[in-house]
Structures are given as C-alpha cells and as structure tokens.
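Chains as they are written, first to last, in the working numbering: chain D, 1 to 173; chain H, 1 to 503. Presented below is the structure to which this report refers.
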Amino acid sequence: MRTSLLFKNLMRGPMTETAPAPGDQALAELAGRVDRAALARLGRSLAIREVDAGSCNACELEIHALNNAFYDLERFGLRFVASPRHADVLLVTGPVTKNMREALERTHAATPGPKWVVAVGNCAVDGGIFAGSYAVTGGVDKVVPVDLHIRGCPPTPTDLLKGLLALLERPQK
Amino acid sequence: MAALTDIANKGRSVAARPWPRTVVTRGAWQLAVQYLVDAGATMLGLWGDTGAVHLALLEEPSGEIGVVTLECPDGKFLSVAARHPAANRLERAISSLYGLKPVGAPDTRPWLDLGFWGVTEPLGRAKKSRVQARAYEFLPVEGENLHQIPVGPVHAGIIEPGHFRFTANGEAVARLEQRLGYVHKGIESLMAGADLDTGAQLAGRTSGDSTVAYALAFAQAVEAALGTDVPPRAIWLRALMAELERMANHFGDIGAICNDASFSMIYAECGILRERTLRAAQACFGHRLMMDRIVPGGVAEDIAPGGETAVRQLLEAVRGRFPELIAIYDNTASLQDRTVATGYLSPTLARSFGAGGYVGRASGRAFDARKAVAYAPYDQLDFEVPVRDDGDVNARLWIRVREVEQSMRLIDQILERLPKGTLRAKLGKPNGVREGVGLTEGFRGDVLVAVRLGPDGAIERCHLRDPSWFQWPLLEAAIEGNIVADFPLCNKSFNCSYSGHDL
Numbered sequence: 001m002r003t004s005l006l007f008k009n010l011m012r013g014p015m016t017e018t019a020p021a022p023g024d025q026a027l028a029e030l031a032g033r034v035d036r037a038a039l040a041r042l043g044r045s046l047a048i049r050e051v052d053a054g055s056c057n058a059c060e061l062e063i064h065a066l067n068n069a070f071y072d073l074e075r076f077g078l079r080f081v082a083s084p085r086h087a088d089v090l091l092v093t094g095p096v097t098k099n100m101r102e103a104l105e106r107t108h109a110a111t112p113g114p115k116w117v118v119a120v121g122n123c124a125v126d127g128g129i130f131a132g133s134y135a136v137t138g139g140v141d142k143v144v145p146v147d148l149h150i151r152g153c154p155p156t157p158t159d160l161l162k163g164l165l166a167l168l169e170r171p172q173k
Numbered sequence: 001m002a003a004l005t006d007i008a009n010k011g012r013s014v015a016a017r018p019w020p021r022t023v024v025t026r027g028a029w030q031l032a033v034q035y036l037v038d039a040g041a042t043m044l045g046l047w048g049d050t051g052a053v054h055l056a057l058l059e060e061p062s063g064e065i066g067v068v069t070l071e072c073p074d075g076k077f078l079s080v081a082a083r084h085p086a087a088n089r090l091e092r093a094i095s096s097l098y099g100l101k102p103v104g105a106p107d108t109r110p111w112l113d114l115g116f117w118g119v120t121e122p123l124g125r126a127k128k129s130r131v132q133a134r135a136y137e138f139l140p141v142e143g144e145n146l147h148q149i150p151v152g153p154v155h156a157g158i159i160e161p162g163h164f165r166f167t168a169n170g171e172a173v174a175r176l177e178q179r180l181g182y183v184h185k186g187i188e189s190l191m192a193g194a195d196l197d198t199g200a201q202l203a204g205r206t207s208g209d210s211t212v213a214y215a216l217a218f219a220q221a222v223e224a225a226l227g228t229d230v231p232p233r234a235i236w237l238r239a240l241m242a243e244l245e246r247m248a249n250h251f252g253d254i255g256a257i258c259n260d261a262s263f264s265m266i267y268a269e270c271g272i273l274r275e276r277t278l279r280a281a282q283a284c285f286g287h288r289l290m291m292d293r294i295v296p297g298g299v300a301e302d303i304a305p306g307g308e309t310a311v312r313q314l315l316e317a318v319r320g321r322f323p324e325l326i327a328i329y330d331n332t333a334s335l336q337d338r339t340v341a342t343g344y345l346s347p348t349l350a351r352s353f354g355a356g357g358y359v360g361r362a363s364g365r366a367f368d369a370r371k372a373v374a375y376a377p378y379d380q381l382d383f384e385v386p387v388r389d390d391g392d393v394n395a396r397l398w399i400r401v402r403e404v405e406q407s408m409r410l411i412d413q414i415l416e417r418l419p420k421g422t423l424r425a426k427l428g429k430p431n432g433v434r435e436g437v438g439l440t441e442g443f444r445g446d447v448l449v450a451v452r453l454g455p456d457g458a459i460e461r462c463h464l465r466d467p468s469w470f471q472w473p474l475l476e477a478a479i480e481g482n483i484v485a486d487f488p489l490c491n492k493s494f495n496c497s498y499s500g501h502d503l
C-alpha cells in the first residue's frame, strides 16, 4: 500500500503552483514605510510568528493553508517559527480583544528588531464586524505599529502570499 | 415520568419554536437539575438573560428537547453546577457577563472576564471598572515532586490563544487546568439590537471553522421564531455546504493529529485533500469557507455553474486517495503507538457532559443533531452515525474517518436529488416578541443558537453555544496521567474552538 502511494507521488511531480506576483496594494503600502536598513538586515528570508489576537479562527485556517503543497510558503524563504524571539515578522489576526492586548504587546516586545508587523483580516484593520464591542480594542494598530495590512474575511492563501511576497521586494529606486 | 412533561407541568408555558419553553419555580428548577444528575436529561445549554437564566434540556432516552427558564429578580439562581459539574463554566460565564449569581456554586471564580474590559457584568448592569489583570487562583495541587508548566495564551504554533496550567509529576500530567476567554469579542452584546443580516454575519464569525454550522443554526432559530418556510432547494444547498465544511475540517484534523505524532506524510496528504475541498466550495459558492452564504430565509446565492462538477471531481479525488492514506495510518505501528490508549475519555464523563461530535461519539455517546433533530434534508437522506467506545485519540481519529465517508455518501445523494426552485423566502413580520431555537450538527458537534426577536424584527437576545463548552473540560480529564509530550496529540484530537467558546 505504502509503496504504491509513495510511488505515485514520485511519478506525479510537485503539486506546488506558480506564485502570484506581489500585491500592488501591499507594495504601495510598504513603499513609504519599510526602511532600507531593515531590508538589508532581514534579507530575503523571513521568520514569521503568527499571533491570534481574537480572530474567529478563519484567518488561522487560511494561514495554515500556506504550508500545504499548493502554496508551499517555505520555497520563498518564509517560514513560521514557534517563538517571537526567533521572528522577523509578526502576523497578527483578529480585532485585538482587550483580553489579548497585553499578550500582543509582550509578544511584540519579545520580537527582536528590526521587525515588521502584518495585520491579517478585515477585523485586524479596524475591528471589522466586532468594532464597538466592550471587549475589543478595534484593530492591530491600536496596540502595535503595523507595516502592512492584508484584507479579507478571511484573506485567501493567495491574498496572503501576495502580501507576504511584497515584504521581500526591494523598493524601486 | 418523562423529564420535560414532568417539569412543564410545574411551570408556565411561553410561546417558543420549535421547542417549548417553560418558566418554572425554584422547585421545578431543582427537579430539572435532578433529571440531569439522574441522567434522565442532558444539558444542551445554560445561558443568562435579563433577570433570568435558561436551561436547554435533551430528554433521555426520548430525544425530546425543551427549554426551562428560571426568573431571578433578586439576581440569584440555584446553582446547577452544585450537583452537575458540566454546568460549572457556563454558570461562571453567566455570573461574569450578567451578574446573576449561582447560589451554592462550587466555583465562584470569574470566567471569560480577565479584568481588561473596563466594565464588569457587561450584559447586565455594565458597571465601569478599572482595567487591571484580574488575579486568578488556580486550583491547588499538593504533593511531592510536582512542578507546574504554564503555557499560553500565545502558543507555539498557528493556534488560537488560551492558557493551560499543567501540574506534572515527572513526565505524567497530574492536573491540567485551562483558563480561557482571551478571544472574547463580546459577540452576544453586538447581537443585541442588531438586524438579522448583521446577526447572521456575527453568527458566521463565532467560530470560523464552523461558519456554515453557525449560520445555519442562526437561520434555523430565526426561521423558527418567524415561522418561515425555507425553499427546498435552499435547504439542500445548506446541507451540501455543511457536509463540505465537515469534510474540510476532518481532513485538517486527521492530518494535524498525525503531524503531532511526527508523521508528516499524512499531514501533507490531508492538507491536499482539505485544499481540494475548499476549492470545490469556492467553485460552488464563491467563498472557500462558505461564509455568509446561509442567510435567514434561505441561501444568499445559488450553486455556481460548474459547482456540481467540481464537487463530483472532489469526491472522486478523495475516493482515489483517502482509503490508501487511512490504510497507512492503520498499518503504521509507530503512529498507532502514539494514538492508541492515549487521552482516554470515559463514556460516563462524555454522557454526563453531553459531549457532542467526535469527542462524544468516540466515547459511546451517539448523539448527532442530524439524526436526533432530523432537520431537513437529513430526514430524507440515508447515512449512519459512527460510534465507538474506546475513547482514545485513535477512536476520535477513526470517527472522523468514518464521518468523511458518510459525508461523501450524503453529498452523492444531495447532488442526485437537489430540488429546483427558489432560494430565499421572505421573512415575515414578528408582530410581537418571537423566540426560536436552532440546533445543527457542525463538524465539532452540535451548535445551539437561541434568539429572541423584538416587535421591530431586531434581535433582542441571541445566545450561541459552541460544542466546545462541553468538550474543553473533558480534555482536562482525558489528559490526566498521560505524559506532557502527548498533550498536543490529545488537544488536537479534541480540537476545541477557543473563539466559539470565548465568543
């Protein structure tokens, strides 16, 4: 049984799909922000720490999908790490609940500079549908400075890729 | 005497659909608790309201459902948890959100409220308070050579946040205590006063992985309240979405469980099957997770041209791949070594807590809302509910495998018999206060939604109860005596929702 499945896989070739181009919107948002020193230091390999700050978990599902054979995030030098101390990028989802605020601040503080923060999902932008509740702060940039927003509810893996790949682009002279 | 009739005879009946609601005295409330203790009934939900608490009951063994209400003008109610532990966190949440105090409760620590809201009892008196981390006393653990491991709220993976406090004796877990509430968004407060469209969107974002199950339960509750007849085509399309959602999540879980036992090949293969399922969903309904496709009255849009073909191709791909993968799981001793006999949950506990989904069904509790309530179209479809009683990680994985097979059977039938016709019924005017309850079977278990609509049609109160409420506490029981290193495996085999629980 095992031989048969592995053999088929061997003969089939990779499932991985061609990468999308970096998103224009993401490039535009980053153009004004990302400083060259950080780019030079971080280079083209980024360690990402995901922080759920109150999402409904849909964003997590799609972020997970980036690791599957179709999107294969690691081929770009992007990988998820288990500790903020190993991270260059914080990928933050959710409207930032008041109950997660301190944890997000501490995670941010534990991430060595230079670092970038990417807010993922509509509710990470401004609280989205949860804005106005007693229990949410109303967006990631209410708590930590944000370099890039990736919108969507949830953003598709392709949307996420377009945004993350923009982080690897050198700014145009 | 049957529990619900017995209790109803001692109370005042209130118009509610599809199940009766009875306002009872303290004596009859006690009687209801007694039925829970004696296993004559199972708790489906326990939630607060302005000056009242509601208890949803499933009568055993008849399967009848009813809601019992105790009015508490003095802000107090007789604790259910005092005699029925499954109610513990629900009561603490009622106390923290509404300020209604359970008299005689064994545990009066706050729940969900960690001290950061700037307000206490937000759904009750909503008193302003200082923003300050609330001191929390974990349960005492005594003994020689014990050490504690605090984990979270930020976990080492792409996971939702929550705090786990392990007390270990060497490798073995002596106690796990969870502290949750980190992703509390105040959804029930946003529901109050919202229109039905906003309500449906909020319901669909209570737990993103179960967006279909929640949107469906919310729609069912609203339709019951307003007496709406949903067009048959919409009903069948809803079931198609629900089964696709179930398959996608089960693939994700089966892969992730194997991955936590370091068997990454099945993880990779299941990732492919999950992705194919989401793409089929996208082809049919224009959204990978099918968010906002189910709306009160029906569905937002018809299945797209080419959608049915995409689903048929999906089923073909799964049938050509999945059995072989499962055979590998079944024949790999090193993998079985990790999953068999790990994280055992006894049928007694599963029954007493009314655990739903694969957690309940792997520990002998056969309840499945698709059979028990038999909402359309499941009353017209042929499928089985797999049940085991070995209660370990392996059993919970196998229940998922069998459910994937049943979902495919269901989808075959749905595609075969999908009726033609309209997609959305017009919702009637409430003409007064209207109440309804919905109960659907999500991939994780039964989702309960109770709504009360005001005369203007806006939502007065909407309660959403995730199956995780009855599964999280059982994870604490299942991990006891296991080694710390097996926790991820046990946790993944439960895969409880943080967001669904925290709301």
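Think of the CB as a built atom: it goes at the ideal place given N, C-alpha and C, for glycine as much as any other residue.
- For secondary structure counted as the alpha helix (DSSP H) over 4 or more consecutive residues, the segment 313-380 of chain H holds these complete runs in sequence order: 322-331, 333-339, 347-353, 357-361 and 369-372.
- Straight-line measurement puts the Cα of residue 411/H at about 11 angstroms from the Cα of residue 314/H.
- When secondary structure is reduced to three states using DSSP, residue 184/H falls in the coil class, being assigned neither helix nor strand.
- When C-beta atoms of the segment 91-109 of chain D are compared with those of the segment 242-254 of chain H, fewer than three pairs fall below 8 angstroms, so the two segments do not count as touching.
- With contacts defined as CB atoms closer than 8 angstroms, residue 160/D and residue 46/D fail to qualify as a contacting pair.
- With contacts defined as CB atoms closer than 8 angstroms, residue 105/H and residue 129/H fail to qualify as a contacting pair.
- Cβ proximity to chain D below 7 angstroms picks out 181, 182, 183, 184, 185 and 186 from the segment 172-187 of chain H.
- Identification of chain D residues near residue 149/H by a Cβ-Cβ cut-off of 7 angstroms yields none; the smallest Cβ-Cβ distance measures about 15 angstroms.
- Under the DSSP definition of a beta bridge, residue 140/D lacks any partner.
- Around the beta-carbon of residue 377/H, 16 or more other beta-carbon atoms lie within 10 Å, marking it buried.
- In the DSSP assignment, residue 402/H falls outside any beta strand (DSSP E) and within the unbroken alpha helix (DSSP H) covering 393-417.
- Collapsing the DSSP output to three states places residue 67/D in coil.
- Only residues of its own chain outside the window of five on either side were considered, and among them 8, 13 and 66 have a CB closer than 7 angstroms to the CB of residue 20/H, listed in chain order.
- A residue is called buried when at least 16 other Cβ atoms come within 10 angstroms of its Cβ; residue 147/H does not meet this threshold and is exposed.
- When C-beta distances to chain H are compared with 8 angstroms, the residues of the segment 152-168 of chain D below that value are 153, 154 and 156, in chain order.
- Neighbours of residue 95/D across chain H, judged by C-beta separation under 7 angstroms: 185.
- Collapsing the DSSP output to three states places residue 25/D in a helix.
- Annotated as proximal: residue 447/H and residue 214/H, with beta-carbon spacing under 8 angstroms.
- Counted as a single uninterrupted DSSP element, the stretch harbouring residue 305/H is not any alpha helix (DSSP H), since DSSP gives it neither H nor E.
- Against residue 471/H, chain D offers no close residue; the least beta-carbon distance is about 15 angstroms (beta-carbon pairs closer than 8 angstroms).
- In this structure, DSSP gives residue 462/H an extended state, which the three-state scheme calls strand.
- Bounds of any beta strand (DSSP E) do not take in residue 90/H; it lies within the alpha helix (DSSP H) bounded by 88-98.
- Following the DSSP letters along the chain, one finds residue 471/H in no alpha helix (DSSP H), marked with neither H nor E.
- Separation of the CB atoms of residue 359/H and residue 445/H is rounded to 7 angstroms, and the pair is thereby assigned contact status at 8 angstroms.
- Interface residue (Cβ-Cβ distance to chain D less than 8 angstroms): residue 50/H is not classified as such.
- In terms of beta-carbon proximity, residue 466/H stays away from the interface with chain D, with every pair separated by 8 angstroms or more.
- Of all residues in the segment 379-408 of chain H, none has a C-beta nearer than 7 angstroms to a C-beta of chain D.
- Sequence-ordered contacts of the segment 97-126 of chain H with chain D read 112, 113, 114, 115, 116, 117, 118, 119, 122 and 126 [C-beta pairs closer than 9 angstroms].
- Counting other Cβ atoms within 10 Å of its Cβ, residue 136/H stays below 16 and is therefore classed as exposed.
- Taking 8 angstroms as the CB threshold, residue 60/D lines the interface with chain H.
- DSSP places residue 159/H outside both helix and strand once states are collapsed to three, so it counts as coil.
- A check of alpha carbon separations from residue 276/H across 243/H, 318/H, 296/H and 304/H identifies 318/H as the nearest.
- Taking every protein chain shown into account, the CB of residue 18/D has fewer than 16 other CB atoms within 10 angstroms, so this residue is exposed.
- Considering only beta carbons, the part of the segment 184-213 of chain H lying closer than 8 angstroms to chain D consists of 184, 185, 186, 187, 189, 190, 198, 201, 202, 205, 206, 207, 208, 209 and 211, in chain order.
- Secondary structure at residue 151/D: coil, using DSSP grouped into helix, strand and coil.
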